[in-house]
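Position one of the sequence shown corresponds to residue 16 (our numbering), numbered consecutively onward. Ideal Cβ placement from N, Cα and C applies to all residues, glycine included. This report concerns only the one structure given below.
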Amino acid sequence: MTIKSLFKENILFFAGYFLILIFALFILFANSKEAGFVLLNPYHTKFLDYIFQGITLLGDGFFSIAFCVVLLFVRKKSVSLLVFMSFASSGIAAQVLKYFISEARPAVFLEHSNYPYFIENVTLHNYHSFPSGHSASIFALISIVAFVSKNKLTAIPLLIIGALVGYSRMYLGQHFMVDVTIGSLTGILFAILCWMLFYPFYQKMQQKKAGDFPPA
């Protein structure tokens, strides 16, 4: 498979992500770091606090690992491997960037601005904001799921999930828009890389599963 054919087969997914990216870039270039963060957090309620604390767990590494284990149990070994490789590689890349780019998180960046919506029972980190590891993880996961899905309309709910997880990182006061945007790009780029590298193996496993040729 070529990059061109991957994009052609998943045009809805990539077009949808492009729209999300355009929106994110508009917010980034039209506002300062602080102003963009406040703009995207105009309203909080206890109900939404709980909802986004749950949604953000979908971007946690433990969720991706659990997802891979479930795929193994339902005999989706090749998909499990692709998800794991994408999640692991994008996660490592995000952590390396965090190490070398020790950006302040909102709790530190906004400590003198009287921002009213930091949530009491959420432990706020102080540094290593860039990029968002949760965003990288969830976008790596949904990318692979979109690529292997026969029903390409699943791209829509998958992108909604990815966008909600990304927004949850800002809602909970853990990241800025730039962190989430670059995190999502990291996840998608590493998913594409892993897909291109492991597609021959994935195709062989699918053929073997379908009985197109006897196992070696």
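My output table needs one value for Gln222: the three-state DSSP class, helix, strand or coil.
In this structure, Gln222 counts as helix in the three-state DSSP scheme.
Looking at C-alpha atoms only, which residue of Leu212, Asn141, Leu156 and Pro131 is the closest neighbour of Asn56?
Pro131
Just to confirm, is the Cβ distance from Gly202 to Pro146 under 7 Å?
Taking 7 Å as the Cβ cut-off, Gly202 and Pro146 do not qualify as a contacting pair.
Quick one, are the C-beta atoms of Ala155 and Ser95 less than 7 Å apart?
No, the pair does not count as a contact, with Cβ atoms beyond the cut-off.
Label Leu173 either buried or exposed according to how many other C-beta atoms from any shown protein chain fall within 10 Å of its C-beta, with 16 as the threshold for buried.
buried
Helix, strand or coil for Val137? Go by DSSP, reduced to three states.
coil
Can you tell me whether DSSP reads Pro57 as helix, strand or coil?
coil
Flag this pair as yes or no: are the beta carbons of Ala161 and Phe28 separated by less than 7 Å?
yes
Taking DSSP as the reference, what is the three-state secondary structure of Tyr130?
coil
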